[in-house]
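Under our numbering, the residues of the sequence shown are numbered 205 to 387, in order.
Even glycine gets a Cβ: it sits at the ideal position worked out from N, Cα and C.
In this text the structure is predicted, and so the values were computed from the model without any measurement.
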Amino acid sequence: MVKVISKIEFPNRGWLFTHTAGPHNGRYLVEIRGCSGMSSWPAGLATFPEAALESPPKECPWSEDKLYLLPATYAVQEGEDKRGHRLLRFYRTLEDTNCIAFSANGFLVPEASTPGVQALLECEGYSRTGKNGSRWTLIAAPTESIVAIEPYESQGDPIYYRVTEEGIVELGATDAVLAPDEW
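Here it is, written out as structure tokens:
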């Protein structure tokens, strides 16, 4: 179970973009696609209740679509689609949890994060040369944990965050990859 405490924006720029299908039976299928050159692939799949997503109207015809996961508590079930791609199913629940879900523009660095922090979805797209790209991760972390994120453009230097009930607080970036209990 995870609690979303503020809207989570799905990626829709750079080398990652989000498609939705639905609603059907009160649920949406959300696909995050990575791309490189003319190729693209499913980088992350999830289903959500219709009331869990918000897609505001476009500000102008050429702007990108925006999609948000709304604040609530969700039970998460892992499965796969018919092609074997990992799929997460989110269901609203009234139970409470101290596990906070949030997104970050980078990949989780588990060895530099508090134990119990996990990446629910990790998505990546990149240029044909691999020099430029985009990363997006949906993270589940207990409150008061430290989370280390490595952005695409990073040379192995994580950015550290603290997870609180009020929000996510950036602590800073270093060259060190060090678990929080070793600080």
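With 16 other Cβ atoms within 10 Å as the buried cut-off, status of residue i
{"i": "R296", "result": "exposed"}
{"i": "A255", "result": "exposed"}
C-alpha gap between residue i and residue j, whole angstroms
{"i": "P314", "j": "S240", "result": "26 Å"}
{"i": "E365", "j": "I353", "result": "A small fix is needed here, since residue 365 is Tyr in this sequence, not Glu. Rounded to whole angstroms, Y365 to I353 spans 8 Å at the Cα level."}
{"i": "I212", "j": "E386", "result": "31 Å"}
{"i": "L220", "j": "S210", "result": "21 Å"}
{"i": "S244", "j": "G283", "result": "22 Å"}
CB contact flag (residue i, residue j, <7 Å)
{"i": "I343", "j": "P384", "result": "no"}
{"i": "A308", "j": "V208", "result": "no"}
{"i": "H289", "j": "P246", "result": "yes"}
{"i": "G238", "j": "E326", "result": "no"}
{"i": "F311", "j": "T341", "result": "yes"}
{"i": "G371", "j": "Y356", "result": "no"}
{"i": "T318", "j": "L271", "result": "no"}
{"i": "A323", "j": "M205", "result": "no"}
Unbroken beta strand (DSSP E) run spanning residue i, endpoints
{"i": "R296", "result": "290 to 296"}
Subject >> Validate contact between the stretch 300 to 309 and the stretch 226 to 237 using beta carbons, cut 8 Å, 3 pairs >> reply: no
Original post:
Are the stretch 243 to 263 and the stretch 278 to 294 in contact at 8 Å, needing three or more beta carbon pairs?
Top reply: Three or more beta-carbon pairs drawn from the stretch 243 to 263 and the stretch 278 to 294 are found closer than 8 Å, and the two stretches are therefore classed as touching.
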